[in-house]
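Peer 1:
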Amino acid sequence: MAYSPMMQQYLITKEQYKDCILFYRLGDFYEMFFDDAVIASKAIELVLTSKSCGDEEKAPMCGVPFHAADSYIARLVEQGFKVAIAEQMADPATCKGIVPREVIRIVTPGTVMSETVLEEKDNNYLLAIYFTDNDIDLSWCDLSTGEFCASKISGVNATEQLLEHITRISPKEIITNYKESEAKELYEFASHANSLYISVIDKRVYYDKNAISMLLAYLKDTQKQDIVHLKELQVLDANKVMRLDRATIRNLEISETLFERKTEGSLFGILDFCGTAMGSRKLKQWLREPLIDKKDIELRQNAVEALYADVFTRNNVREALKAIYDLERLLARISLGTANAKDMIALKVSLYKLPDIKAELNDLDSPLIKVLNSKINPLSDICNEIERAIVDEPPFTIREGGLIKSGYSDELDSIILASKDSRAWIAGLEAKERERTGIKTLKVGYNKVFGYYIEISKGQADSAPENYIRKQTLVNGERYITPELKEMENVVLNAQTKINDIEYRLFTALRKKIEEHTSIIQETAIAIASIDALCSFAEASYKYDYVKPEITDDYVIDIKKGRHPVIERSIKDGIYVSNDLYIDKSKSSLLLITGPNMSGKSTYMRQLALIVLMAQAGCCVPAQSATIGISNSRARALSDF
Numbered sequence: 012m013a014y015s016p017m018m019q020q021y022l023i024t025k026e027q028y029k030d031c032i033l034f035y036r037l038g039d040f041y042e043m044f045f046d047d048a049v050i051a052s053k054a055i056e057l058v059l060t061s062k063s064c065g066d067e068e069k070a071p072m073c074g075v076p077f078h079a080a081d082s083y084i085a086r087l088v089e090q091g092f093k094v095a096i097a098e099q100m101a102d103p104a105t106c107k108g109i110v111p112r113e114v115i116r117i118v119t120p121g122t123v124m125s126e127t128v129l130e131e132k133d134n135n136y137l138l139a140i141y142f143t144d145n146d147i148d149l150s151w152c153d154l155s156t157g158e159f160c161a162s163k164i165s166g167v168n169a170t171e172q173l174l175e176h177i178t179r180i181s182p183k184e185i186i187t188n189y190k191e192s193e194a195k196e197l198y199e200f201a202s203h204a205n206s207l208y209i210s211v212i213d214k215r216v217y218y219d220k221n222a223i224s225m226l227l228a229y230l231k232d233t234q235k236q237d238i239v240h241l242k243e244l245q246v247l248d249a250n251k252v253m254r255l256d257r258a259t260i261r262n263l264e265i266s267e268t269l270f271e272r273k274t275e276g277s278l279f280g281i282l283d284f285c286g287t288a289m290g291s292r293k294l295k296q297w298l299r300e301p302l303i304d305k306k307d308i309e310l311r312q313n314a315v316e317a318l319y320a321d322v323f324t325r326n327n328v329r330e331a332l333k334a335i336y337d338l339e340r341l342l343a344r345i346s347l348g349t350a351n352a353k354d355m356i357a358l359k360v361s362l363y364k365l366p367d368i369k370a371e372l373n374d375l376d377s378p379l380i381k382v383l384n385s386k387i388n389p390l391s392d393i394c395n396e397i398e399r400a401i402v403d404e405p406p407f408t409i410r411e412g413g414l415i416k417s418g419y420s421d422e423l424d425s426i427i428l429a430s431k432d433s434r435a436w437i438a439g440l441e442a443k444e445r446e447r448t449g450i451k452t453l454k455v456g457y458n459k460v461f462g463y464y465i466e467i468s469k470g471q472a473d474s475a476p477e478n479y480i481r482k483q484t485l486v487n488g489e490r491y492i493t494p495e496l497k498e499m500e501n502v503v504l505n506a507q508t509k510i511n512d513i514e515y516r517l518f519t520a521l522r523k524k525i526e527e528h529t530s531i532i533q534e535t536a537i538a539i540a541s542i543d544a545l546c547s548f549a550e551a552s553y554k555y556d557y558v559k560p561e562i563t564d565d566y567v568i569d570i571k572k573g574r575h576p577v578i579e580r581s582i583k584d585g586i587y588v589s590n591d592l593y594i595d596k597s598k599s600s601l602l603l604i605t606g607p608n609m610s611g612k613s614t615y616m617r618q619l620a621l622i623v624l625m626a627q628a629g630c631c632v633p634a635q636s637a638t639i640g641i642s643n644s645r646a647r648a649l650s651d652f
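As structure tokens, then:
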């Protein structure tokens, strides 16, 4: 059949994005057609209508307002759909023929940036898995924070290692070069994982590349721009952290409970006193990746001890941290060009607090805190620039004016002044014309279709002056314009367009200037997150009466009056009965635990594991005293004792 020109354009675009729901911009709406409309109407509860698409055929159609699109896209992505956003690339009012449209971004579970989808205390990882004949290459990133990592898996148990990595990373989306028939265990595992979406990358495109290049290419394909805010690649060495297998992560309930998958009731839920979302994410990472180097552990311990001992400093730092927004995600939105003026205010407010934090940390006797403090840069020039430029309570949109303060731009101020003079003239026109014509019911009004007008009732229309030009006839009256009113209307409306354009240009220039400081802001954000996590360890240790454990290279674990960190916090009536544990592998490598069902044997074992994990993460532990021999992933796992 012969499709309409607009529908032909739509179908050509849709052909390139078959695996996506296509949001197609038509005026003030994003529309969906055919199968996309049917699917979306059910998934996000939209009214399904139809639109003529040529000859006599009608296409199923549904749509959402452009200003509310983010929430609808978020709901689709949460259900595992990919959404391609096709935007109008020219002003329809000045465009002859079909308005050109292009897909400007593809939103997937692993690349979503909407705050309505992102969990503030969780990373949103996209994981690339590239299978070769001998190895498995891994690369993953969190587009919302810029974190960027890589690792390699090899050996006879490569598949099991891969599943361990997936459990630890907990990605929202996986891209891979293997189809389901080629990697059955991966797909079977993914089918049981929480909200895990798998995309198969065409081997012909990425045949000779590794996981890193596959990940970067996928990001560029979906975001339609270079990704400049990714941090320096971290190549992770499994020998530097305790490698926790899937069963350990799940059964110890480190970051979420086993069955309900909730934070409350997990180790992380007990220890999280962070004031920032960045700090909570850092804390969760530390608990999932305990250290195995004695010096590294002791550096964290000493930092926690310094914050523990100085209550006033800790409280002041924690109070200041509460005012700091998510710098990592703010920077990501700035770099991707999606940040609005409210994000700028959030950045300014955050930067204002940094000198206070630096001053509080200056006197703490901790090598780690001194290093972290040196990496915090308040960026006062950027802070002052935002203060000069952006109004204190800006609108959400950045294309309709109202963003820029008076005095920031002479060009903008002059146009605003001219516009105010014209509006003042129009505002005084009604009283002046009533007096001149003697028509007391005369009024001056405005609507988007006809612009400004003078309205006179039907009964007094014959009294209209000769210079009034009839513009519109109503049931009860007549509307007119005058040459002077038309001239002032042009001044006002053209001025507003110019004002909006200038403000948008000034805003994007400011956003670009901030983007030039990406690496400094990222380094600051990492330092703040670490300080926050250390404060959280110190606060939990103070509140819960934890002690600093002695870390040793010997094959010894000696815990006096140990307690289960989670269970003791959940007991409402009574107290948790503390207990001792001693293991010395040089004397005995086995402890035999006996007792009837439900007598606490598994709790005793989990208590030991959690105390060791907390100690190696750098936290104090629930005990009267503790000596912890380092457990690691290869040479001396906890099961070796």
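Take 12 as the starting number for the sequence shown in my numbering and just add one per residue. Don't be surprised by glycine CBs; every beta carbon is placed ideally from N, CA and C.
For K163, write down the residues that DSSP places opposite it in a beta bridge.
Peer 2: D148
Peer 1: Rounded to a whole number of angstroms, what is the C-alpha to C-alpha distance between F270 and G108?
Peer 2: 58 Å
Peer 1: Hey, I177 and L138: beta-carbon distance below 8 Å or not?
Peer 2: yes
Peer 1: Would you mind giving the Cβ-Cβ distance between H240 and G121, rounded to the nearest angstrom? I have them listed as a contact below 8 Å.
Peer 2: With 8 Å as the limit, H240 and G121 do not qualify as a contact, their Cβ atoms being about 16 Å apart.
Peer 1: Let me know the secondary structure DSSP gives L302 once reduced to three states.
Peer 2: strand
Peer 1: Can you give, in chain order, each stretch of the alpha helix (DSSP H) that sits fully within the region 398-462 and has at least 4 residues?
Peer 2: Correct list: 421-438, 440-448.
Peer 1: DSSP state of L138, grouped into three classes?
Peer 2: Correct three-state label for L138: strand.
Peer 1: Cα-Cα, which of R325, F200, G412 is closest to D512?
Peer 2: G412
Peer 1: Could you check what DSSP says for Q245 in three-state terms: helix, strand or coil?
Peer 2: strand
Peer 1: If distances are taken between C-alpha atoms only, which option among I32, K305, S63 comes closest to Y14?
Peer 2: S63
Peer 1: Among residues of its own chain, excluding the 5 on either side of Y479, which ones have a beta-carbon nearer than 7 Å to its beta-carbon?
Peer 2: I465, Y491, T493
Peer 1: Is it the case that the region 591-603 contacts the region 518-526, given that we only count it when at least three CB pairs across the two stretches are under 8 Å?
Peer 2: no
Peer 1: From the DSSP secondary-structure annotation, give me the bridge partner or partners of G611.
Peer 2: DSSP lists no partner for G611.
Peer 1: Please report the straight-line C-alpha distance between S210 and E184, rounded to a whole angstrom.
Peer 2: 8 Å
Peer 1: Could you tell me whether the Cβ atoms of N458 and I409 are closer together than 8 Å?
Peer 2: no
Peer 1: Do you know how far the Cα of K195 is from the Cα of D219?
Peer 2: Only weak support exists for where D219 lies, its pLDDT of 49 falling under 50; the coordinates are left without a value.
Peer 1: With a CB to CB cut of under 6 Å and the five nearest residues on each side skipped, what residues in its chain are close to I147?
Peer 2: I164, A169, L173
Peer 1: If you measure between the beta carbons of I368 and A317, is that distance less than 8 Å?
Peer 2: no
Peer 1: Measure how close the beta-carbons of E441 and K454 come, nearest whole angstrom, since I'm counting them as under 8 Å.
Peer 2: 6 Å
Peer 1: Report the CB separation of G74 from M100 in whole angstroms; it is logged as a contact under 8 Å.
Peer 2: 19 Å between Cβ atoms; not a contact.
Peer 1: When DSSP builds the beta bridges, which residues end up paired with K62?
Peer 2: A70
Peer 1: I think L255 touches R179, with their Cβ atoms under 8 Å apart; what is that distance to the nearest whole Å?
Peer 2: Contact between L255 and R179 holds: CB atoms are separated by about 7 Å, below the 8 Å threshold.
Peer 1: Confirm, please, whether the CB-CB distance from G462 to E500 is below 8 Å.
Peer 2: Taking the C-beta atoms as reference points, G462 is found nearer than 8 Å to E500.
Peer 1: Could you name the residues of the same chain whose beta carbon sits closer than 7 Å to that of K305, not counting the 5 residues immediately before and after it, in chain order?
Peer 2: I562, D564, I641
Peer 1: Have a look at A435, E300, P405 and flag the residue whose alpha-carbon is nearest the alpha-carbon of C630.
Peer 2: Among A435, E300, P405, the Cα nearest to that of C630 belongs to E300.
Peer 1: So what does DSSP say about A475, is it helix, strand or coil?
Peer 2: coil
Peer 1: Given a cut-off of 8 Å, decide if Y28 and V114 are closer than it, judged by their beta-carbon atoms.
Peer 2: yes
Peer 1: Pair every Cβ in the region 276-292 with every Cβ in the region 319-335, then say whether three or more of these pairs are closer than 8 Å.
Peer 2: yes
Peer 1: In whole angstroms, what is the alpha-carbon distance linking N327 and S541?
Peer 2: Their backbone Cα atoms lie some 16 Å apart in a straight line.
Peer 1: Please report the straight-line C-alpha distance between A48 and A80, rounded to a whole angstrom.
Peer 2: Taking C-alpha positions only, A48 is separated from A80 by approximately 15 Å.
Peer 1: Is it buried or exposed for K295, if we count other Cβ within 10 angstroms and need 16 for buried?
Peer 2: buried
Peer 1: So what's M100 in DSSP terms, helix, strand or just coil?
Peer 2: coil
Peer 1: DSSP state of R329, grouped into three classes?
Peer 2: When DSSP states are grouped into helix, strand and coil, R329 belongs to the helix group.
Peer 1: Could you tell me the distance, in whole angstroms, from the CA atom of S552 to the CA atom of G290?
Peer 2: 17 Å
Peer 1: Ignoring anything shorter than 4 residues, give me the alpha helix (DSSP H) runs that lie fully in the region 323-390, in order along the chain.
Peer 2: 338-346, 352-372, 378-385
Peer 1: Quick check on H663: buried or exposed, where buried means 16 or more other Cβ atoms within 10 Å of its Cβ?
Peer 2: The requested residue 663 is not part of the displayed model; the chain covers only 12 to 652.
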